[in-house]
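J.: Protein chains in written order, with UniProt numbering: chain X, 1 to 109; chain U, 1 to 109.
No residue lacks a Cβ here, since even glycine has one placed at the ideal position from N, Cα and C.
First, the structure itself, so that you have it in front of you.
There are 2 protein chains.
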Amino acid sequence: MGLAKTEIFTEEQNKIALFAKVFGHPARVAILQHLFKINACVCGDLVDEIGLAQPTISQHLKELKNLGLIKGNVEGTSVCYCIDETNWKHMKTLMNEFLNQDLQTNSCC
Amino acid sequence: MGLAKTEIFTEEQNKIALFAKVFGHPARVAILQHLFKINACVCGDLVDEIGLAQPTISQHLKELKNLGLIKGNVEGTSVCYCIDETNWKHMKTLMNEFLNQDLQTNSCC
DNA sequence: TTGTTATATTGCAATATTACGATTAATAAG
DNA sequence: CTTATTAATCGTAATATTGCAATATAACAA
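Below you can see the structure in the form of structure tokens.
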């Protein structure tokens, strides 16, 4: 199949999975880390920084943008990318809720 | 390709991506949430709870176990699964470091 | 207009993922 | 030993992902 049965899961579970999936590739992790460090940069900088072909970086940027985690502003022939702080915060809240779950007891099998 | 170029990324970036990837499917999110809620349960319970076929659940459990996030104990013909607290904490530290990055300034493009 | 630069899109090959039926393995019950 | 019961493994079809060459698009410069 290769296709997740999203209809049998809650909206929250699907949302968590969607965000996690986009972090599930080191290139996208690297792009985000670089954006946090540099604050804003153009696509070409990321190509140089990361070392993947331009179409590949462009594709990863598109996925991050589709989820709303970054935004891009056209500046002449370049496109300047940066973190979308509001959406990043929303994502963080969702992910933290998932990651910070606590066990009721610590008796285990 | 379908194959990530892991060699051009840092170990940290690859680790983050590996953990994120395993959370990138709603079934595995659901399994983990159920384990946190119930504390420990056998594979069959998860099959009933989630509604995917037994081999499919078994496959997802294997991936979670491979990353060390859960552990399974044989109890007769059943296998009892639970969260591996120590490894979960390590993962949480790594992911929080990534998610809680701060922007230097909020001047953006 | 013509050329240049920067990014996006298309198309495709290689590989990975998801899901499940069929089967196997392992333990327990009779 | 035979038969359930439970979970893992195997095999496979359908689909998704990754990466890049080739090409298209868009904005600017001359």
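Please go through the same chain and pick out, in chain order, the residues whose beta-carbon is closer than 8 Å to the beta-carbon of residue 120 of chain X, but skip the five residues on each side of it.
T.: Since the first residue of chain X shown is 1 and the last is 109, residue 120 of chain X is not available in this structure.
J.: Does the beta-carbon of X:Met1 have 16 or more other beta-carbons within 10 angstroms, so that it is buried, or is it exposed?
T.: Label assigned to X:Met1: exposed.
J.: Which residues bound the alpha helix (DSSP H) around X:Lys65?
T.: Taken as a continuous stretch (DSSP letters only), the alpha helix (DSSP H) holding X:Lys65 covers Gln54 to Asn66.
J.: Below 9 Å between beta carbons is the criterion; list the residues of the stretch 86-107 of chain X that meet it against any residue of chain U, in chain order.
T.: Per Cβ criterion, the list reads Trp88, Met91, Lys92, Met95, Asn96, Phe98, Leu99, Asn100, Gln101, Asp102, Leu103, Gln104, Thr105, Asn106 and Ser107.
J.: Chain X partners of U:Gln54, CB-CB under 8 Å?
T.: Here the premise fails: no neighbours, minimum Cβ distance about 15 Å.
J.: Could you give the C-beta distance for X:Leu94 and X:Phe19, rounded to a whole number, given that I count them as a contact under 8 Å?
T.: Confirmed, about 7 Å.
J.: Taking the beta strand (DSSP E) that X:Gly44 falls in, what are its first and last residues?
T.: Note, X:Gly44: premise wrong, no beta strand (DSSP E); alpha helix (DSSP H) at Cys43 to Ile50.
J.: Could you work out which residue in X:Trp88, X:Gly51 and X:Gln54 is closest to X:Asn66 when comparing CA atoms only?
T.: When each option's Cα is compared against that of X:Asn66, the closest is X:Trp88.
J.: Beta-carbon separation of U:Gln101 and X:Phe9 under 8 Å?
T.: Going by C-beta atoms, U:Gln101 is not nearer than 8 Å to X:Phe9.
J.: Please confirm whether X:Asn73 has its beta-carbon closer than 8 Å to some beta-carbon of chain U.
T.: Output row for X:Asn73: interface = yes.
J.: Determine, for U:Thr6, whether the minimum Cβ-Cβ distance to residues of chain X falls below 8 Å.
T.: Yes, contact with chain X.
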